[in-house]
Amino acid sequence: MPVTIFEAALYKAHAERQLYGVNAAVAISGTEVLGIGLDDARTPYDSRSAIINLIQNHFPLRNDFVAASARPSERCLGMAQMQGIHTIAFAENGLRLMTLNGSAWGEHPGAYLPGARRLQLPPVGGFLEAPDSSRRIRASQWFDRMAITHPAAAQADAGTRRFLESSAAAAPSRRFNTPRLEMPGGLAMPATVQPDSVWRDDLFMRLAFALLGLSFSTDRFRDYAGGHNIGCVLRGPGDELLGWGLNSGATHSTLHGEVNLIQNYHRRHHGVAFPQRCRLYTTLEPCHMCGGMLSEAGEEMDVRYGQADPGIIGNALVRNHHGSSQAPQHTITGINLSDGHDEAGGPITAFLASDTAYDEVTGAIDRYFTAEPQDADDRVVWANGMALLRYVNPIVDTLHGMARRH
Ligand SMILES: [Zn+2]
């Protein structure tokens, strides 16, 4: 019985792991190698896993098969799910398959290699001592050796052999170049932390909406702008502002607002975990990709959303992965997308592109102004938000001046 393409892809993922010393993932379609991703995460909280690097660098992959050298995490599964990849294989006491059924992943044993309960790879020998330039050649030699030491591989059919040959020439990829989002200067720490303050919760959610409203009328982020109308901000454990993001999915479908926020936070902070007791505010309920990535960006991630997404059922936050949670932000005053969406029906992303949603979100800029605080400490929190809005679109000061005159 010949080695299947799936098993060969798994061997390939393990060969890359041996060669580079980090986990690897391989995407195949038919007998063609579409791409190879290497793990580039600096900490367990850094999103740059092999599968995520594979998907982000080789976008779009759809209905393709991925083999990985390690069990996929929630963020890997979430991104695969949202990007249309529904089968992932890995080895753990034999070949295991993760497959998507509806909106939930199921796991089951794959076809075992004939005569072997465990996946047994031939020894890699001296490959790791080889200079980088010759490693690619040696990877193909490793496959040749596999054919000798592993009888099943010698019986590989023509498709598998084509895969082995083409995969030996494919260069692996590391982190994808996420569009850069920096933090504005002049941010301050408020003197008091008030995690239970309704006003502060409300203010951060208004900020996420105002950020989105202001993004409609700027071309400041030319290589960034475009996508579904979704914004988010990260509130630190000291009630400071730690990050922000806007959806730029029109240019790359993995770049949801939360992904942009997370990958930029990790870039600025060298992949360290989000601080304990931070809170993320997003205008739309996180999808499976963002939910998985948020739940693994720190411990006990606390996510608040302005608008429910009926199309997303059971993301990682709902399942409390890593102690995470999500909740609708009911305290938000005056911003209501739900009624309009109920009336319009259809996917939430289509509604977010409508004039109704546009008007509601643009109106949120004024609602940030009207939340203006009276006490000095809340004013610091408010001013941090204004600094972000100004950074995204300087027109905010003109708008604020006009609002004050009325
Ligand atoms: Zn998302």
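Numbers given in my numbering equal positions in the sequence shown, counted from 1, plus 2. The beta-carbon is built from N, C-alpha and C at its ideal position, and this holds for glycine as well.
1) Tell me the residue span of the beta strand (DSSP E) that contains residue 305.
2) Name the DSSP beta bridge partners of residue 234, please?
3) What is the DSSP secondary structure of residue 85, counted as helix, strand or coil?
4) Return helix, strand or coil for residue 34, following the three-state DSSP convention.
5) Since residue 291 and residue 335 should fall inside the 8 Å C-beta cutoff, what is the C-beta to C-beta distance between them, to a whole number of angstroms?
6) Roughly how many whole angstroms lie between the Cα atoms of residue 177 and residue 42?
7) Would you say the stretch 39–54 touches the stretch 193–200, given that touching needs at least three Cβ pairs under 8 Å?
8) Taking 7 Å as the line, does the beta carbon of residue 289 fall inside it for any heavy atom of ligand 1?
9) Spatial neighbours of residue 175 within its chain, please: C-beta separation below 8 Å, excluding the five flanking residues on both sides.
10) So which of 252, 324, 234, 337 has the shortest CA-CA distance to residue 287?
11) Output needed for residue 230: all residues of its chain with C-beta closer than 6 Å, excluding positions within five of it in sequence on either side, in chain order.
12) Which of helix, strand or coil does DSSP assign to residue 184?
13) How big is the Cα-Cα spacing for residue 129 and residue 171?
14) What does the alpha-carbon distance come out to for the pair residue 185 and residue 72?
15) List the whole-angstrom C-beta distance separating residue 266 from residue 294, where the pair is believed to meet the contact cut-off of C-beta under 8 Å.
16) Ignore the nearest five residues each way along the sequence and tell me which others in residue 289's own chain have a CB closer than 6 Å to its CB.
17) Given that a residue counts as buried once 16 or more other Cβ atoms are within 10 Å of its Cβ, and exposed if not, what is residue 221?
18) Looking at residue 333: is its Cβ nearer than 8 Å to the Cβ of residue 211?
19) Cutting at 8 Å between CB atoms, please list the residues of its own chain near residue 349, excluding the five before and the five after it.
From the atom records:
1) 304–309
2) 247, 284
3) coil
4) strand
5) Residue 291 to residue 335, Cβ: 30 Å. No contact.
6) 6 Å
7) no
8) yes
9) 37, 38, 39, 40, 55, 56, 59, 60
10) 234
11) 249, 251, 351, 354
12) coil
13) With a pLDDT of only 44 at residue 129, under the threshold of 50, the placement of this residue in the model should not be trusted, and no figure is reported.
14) 34 Å
15) Their Cβ separation, rounded to whole angstroms, is 18 Å, which puts residue 266 and residue 294 out of contact at 8 Å.
16) 84, 314
17) exposed
18) no
19) 313
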